[in-house]
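All letters in the sequence shown, in the order written, are residues 703 to 1765 by the numbering used here. For every residue, glycine included, the Cβ atom is placed at its ideal position computed from N, Cα and C. A quick note: this is a predicted structure, and the numbers were derived from the prediction, not measured. Before any comments, here is the structure.
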Amino acid sequence: MAEKLELELQYQPKDCSRDVWLQHCGSCDVDKWKDLGQKCRQVRQLLGDEKDMDSTFSCRSACKIGDMVLSNEQIIQILKDNEEEKNERKRRKKRKIRSFKSFPSQKWSLPILYKIDNSFGKWEKGIIKSAIDMWQNRTCLEFKELKLSHFTYDSHVMFLKITDQACFSYVGKVAIVPQPIYLSSSCFNAIAVVAHEIGHTLGLLHEHQRPDRDDYIIVNKDNIDDSHHSDFSKIQSKFAEDLGVPYDYASDMHYRSFSFSVNGKTTIDTKDSRYQRTIGQRSELAFSDIKVINLAYCQEKCKVKAPNCQHSGYQNPLNCNDCHCPDGLGGELCNFVAPPVLEQCGGRLIAMSKERVITSPGYSDRGYYLNGQQCSWRIRSIDPTKRVTVQFTGDFGLYCFVNCYHWVEVKFKKNLGLTGPRYCCDETPKETFKSEGDELVVSMKAINHVIENRHRRGFKMIIRMDGDECQPNPCKNGATCKDLQSNYTCQCLDGFSGKDCEIEAEVKDPCKSNPCLKNGTCIVIDKDNYQCKCAPYYIGTRCERYYKPTRNPRYCSALVDVALVLDSSNEVGLNNWNNVKQFAKSIVENIDVAPDRNRVSLISYSEIPKIEHKFSDSQEIHSIYSSIDRSAFLGDDCNLYRTLKSLRTSIFAKDNTRINAVGIIVLLISSECSKDLSVIRQETWTLQQMGVEILPVTIGKKYSHNLISSLSNKKEFFKVDYFAQLLTISKNLQAILCPQEKVSDIAIMVETNRHVSKSKYNVLQFFLMEFVKKFEIGLTQNLISIGKYSAHTYVAAYLRQNLQPSQLSTIITTLNLDYQSDDTNLLEVMDTLTDLVYTPIEGGRSFSNKIAIVINSGPLNDPTVINQLMEKGKKLRENMTFLMAGIGDKINKDLLINLAGGRENTFFMRTFSELHQFLENVLTRINKILKARKTLPTTEPSSGRSTTPLFNRHSFSSSLKPATTTYAPIKGWYQGETCYPSKTDGECSRKCGGCGRKIIIYKCYIDGIYRREHREQFPCNVNACTKEEKCLIYAAGLFWIPCDECCLGYKRKGDICIPLQKS
């Protein structure tokens, strides 16, 4: 038996712990397990997955394809069917299509029994039941909950909670009792996320994996994380069926545009760009999701003849005399407009030659629509031979965050049952829609709750009747006709021009006259434009000027890729454009530019960004100057979103960047540029994830601070009043772009097992908050990573995130103690530091000092572990400085000294209250380390700020005061008998438990839909949410100081601090 167990453990899957393996896989046949693993890989290739991942077959997840799981029986049956089809293909006239799309094995019998594990909280159980109701209320499906204590051999579903951030389930009913649906805490952001996993259990595959998906979307395989390629594989048609339901961009089973992106670029693009915001919604089940389940499960439900449903409607299994209608349509036969919700709106309209206007409810009077409102307009042309045209105008605003939470949808195709493009956010759509038939449907839905009225402005739309100007086609010579409002335009093939493309044009060569001087090379841009590539030290549009700068470039300790982004909009003006270009030259002049050192790219922008110089272009100084000189003034409205997108997709694309270089964007702004800050924040966030930092430079006052905060997480920027003042800040910018002092990558790991009490942990959290305040943080300055460890290691903040002290403090407050563990796994801490924290992909930089700080308070006495720790510690010290801090009398002092490589890198404390002294000591030690490496950042610069100081100029006093927080003001504190109230609160805490107060952040939900946020110090059931709402604790901030720290220099008596008696 022991030999068999050892043999089985050799094949233990990587994603299973030993305990899980012994519990679930320890009794299985090893050879059979290996055989099924091989067959799983064959099935993945059959279903269209191009990347073979060995780790996808494990004891817990069986054959896992994305968030879908296949049972052993399903694997064997698929391979058997495929072999039979190979043998019989020549004899078959019509291939049998297996029902894999909806039912890889068989349908569930009704009612579907289910259990919910007790590890879920009350709120999470409510989300699960609401997701079940989503399916139950609109299909013939019936679900019945069983008590956990109820034992049955019947097939049933078990909702199980897992710790890893994932959601996955089997596809269809399988021969496993109970059949699990695995949900982690990340699955409860929306009810429809859980409904998505239930959909898999009912038999649905992902919409974007359908056999016909290539007709609708483009999957960008290079942008997908390698571990998630199977989530995007196209299922072969022989294993899937759609039951006649067309592809639906709005399906709950469809992924988002950026799902599992490895580089911040889209993984899915819609072929019709108007549908890009439609995909990936998690607000509701789509009409198509419900229809395919009803067609599969409910065909025998109705005994009466089906009504003549129109527009893709079908017989409603819950009321057999009615039709189940698509969004925007209603009535018994789906031939009427859908009724409104909350307020009277929508209805039937007639489009005529004269323009008419429709608006969302409240647009013209109160200025916003209401949460929960739904309106639909069915608009028909008065002349059935003509079409309906609609166009958005005026202010626009429907709430969005990544995807549309509220939206307006335009159904313009002949089949009004098909989903139309959906629009949201704050930018007025520019598209004009023309119906394919003589009518179209406009629908607005606001089913999610949003507090701020400013996010609910609504829309205004112009409607009119119009003919088809492209019938018959007036365009000549193979041109394409595009129908416009009472007009048309012809898209001519190359070599033709004219309104109808009737004129054959001469082929022009702008380089024919040899316009480039001084041996410059002429490059054709298009038929009218050229560009001169100048010989060394010649610049100008035609290489007409000689320029050899005398310069003394700074040596940069960091390796940087700098993108200069120059505002060339109307707000700048032609007269100021030369000042902007001189500013760009002054930045380049004093940076150590070379192909293998620092690189420069250049973009000018207005409505459309124009790339003037790429990182891949010559990095000779004269070449960059020449690109600056050639950049012409554009003179149009500015569009910052398009500019940031161009930076992300072109300048800082994966092929153009270096893994060890820091990306910095110097962005000149002279006006607001964008009404929709949400898309700006999204692009900024994506760039930050790619390791790129934005340094805004503003001119004048025509910008908002909201715009600046959307561009930079540091909330810092450079400001001048006039264009002529730009040169005055160039030196300050150079200090950031090209730092000369060595900077640090600091990782701090704290122990959080049951040896650390809650009161001790409060002190530890406050220490961490004070620690991060001491550093200047930035991609060319210092970066900090924070993590915790017990039996396992968890990294809460990575270096690449470039988080500022306020953001790090927020993360620190959410780190919880691990009460379930009393282990101290320092081996995993060391592996985490070397294999994860300090890798280039997570932000580790080749030019920085690596400093790791580990705080330990638990015993370490296992000789085997100690020997391994000594070996790992020796390797660690080759690449980084390792500082060890031990607290209490249970620590192994000799081990900590050896791990740190000496007594000078080791710190010992008797109690956690001595952490404030440890902070001063560790900062002093870090300074000594850097001085030893010939770098001299100082804690307190003698005159002004140093170029890149290691520490902020916050002084650390031994008389600790309450930590401030962005969540809520804290109360004052007592020092002796005197109350020192805060400015905002005016009260003093009488509790010895703290100088401030504990702030708890709640989120309130109704039927799983987020309603509002609440911040208080009281329990969840007192006054946080109403009786109708469900309350979830989102975060708890321990923003107080233990009483012993409050009373430094005083004596604690009961709940207050009193002066010490004089001797």
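Query, Result
"Three-way DSSP call (helix, strand, coil) for residue 1265 in this model", "strand"
"Every unbroken alpha helix (DSSP H) within the stretch 1581–1644, with a cutoff of 4 residues, ordered by chain", "1595–1602 and 1617–1634"
"Collapsed DSSP secondary structure at residue 1498 in the structure displayed", "strand"
"8 Å Cβ cutoff met for residue 1126 and residue 1106", "yes"
"Per DSSP, the bridge partner or partners of residue 1303", "1265"
"Residue 1486 versus residue 1626 - alpha carbon distance", "17 Å"
"Segments assigned beta strand (DSSP E), at least 3 residues, entirely inside the stretch 1058–1105", "1058–1061, 1076–1083 and 1089–1099"
"Separation of residue 1329 from residue 1433, as counted between CA atoms", "22 Å"
"Proximity below 8 Å, CB of residue 1446 to CB of residue 1607", "no"
"DSSP bridge partner residues for residue 863 (one or two, in chain order)", "885"
"Supposed contact pair residue 1172 and residue 1185 - C-beta distance, whole angstroms, cut 8 Å", "5 Å"
"Residue 1109 - containing beta strand (DSSP E), residue span", "1109–1113"
"Simplified DSSP assignment, three categories, for residue 1185", "strand"
"Identified DSSP bridge partners for residue 1315", "1304"
"Cβ-based neighbour list, residue 1145, same chain, cut-off 6 Å, excluding 5 preceding and 5 following", "1029, 1030, 1078 and 1111"
"Within the stretch 944–984, ranges of the beta strand (DSSP E) (whole runs, at least 3 residues)", "970–972"
"Own chain residues within Cβ distance below 6 Å of residue 1227, not counting five before or after", "1233"
"Contact between the stretch 856–866 and the stretch 877–892 (3+ Cβ pairs under 8 Å)", "yes"
"Whether residue 1378 touches residue 1272 by CB criterion (8 Å)", "no"
"Cβ pair count under 8 Å reaching 3, the stretch 992–1003 against the stretch 833–849", "yes"
"Residue 1239 - DSSP class collapsed to helix/strand/coil", "coil"
"Residue closest to residue 866, alpha-carbon to alpha-carbon, out of 1414, 889 and 1118", "889"
"Residue 1520 classed as buried or exposed, judged by whether at least 16 other C-beta atoms fall within 10 angstroms", "buried"
"Beta-carbon proximity check, residue 1631 vs residue 1566, cutoff 8 Å", "no"
"Same chain, Cβ closer than 8 Å to residue 1003, neighbours up to 5 away in sequence not counted", "842, 1019 and 1022"
"Distance CB(residue 912)-CB(residue 933) smaller than 8 Å", "no"
"Reference residue 1303; option with closest CA among 1309, 1292, 1200 and 1286", "1286"
"Test item: CB-CB of residue 950 and residue 1014 under 8 Å", "no"
"Local conformation of residue 720 per DSSP, three classes", "With a pLDDT of only 40 at residue 720, under 50, the local geometry of the prediction cannot be trusted, and the value read off the model is given with reservation. Helix, per DSSP."
"Residue 855 burial status per 10 Å Cβ neighbour count (16 or more: buried)", "exposed"
"Sequence-distant residues of the same chain with beta carbon closer than 6 Å to residue 1024, five excluded per side", "1018 and 1034"
"Span of the alpha helix (DSSP H), counted from its first residue to its last, around residue 1327", "1323–1332"
"Alpha-carbon spacing of residue 1481 relative to residue 1440, whole angstroms", "11 Å"
"Reduced DSSP secondary structure (H/G/I, E/B, other) of residue 1145", "strand"
"Among 970, 1593 and 1554, the one whose alpha carbon lies nearest that of residue 1769", "Outside the displayed range of the chain (703 to 1765) lies residue 1769, so it cannot be described from this structure."
"Spatially closest choice to residue 898 from 941, 1198 and 953, by CA coordinates", "953"
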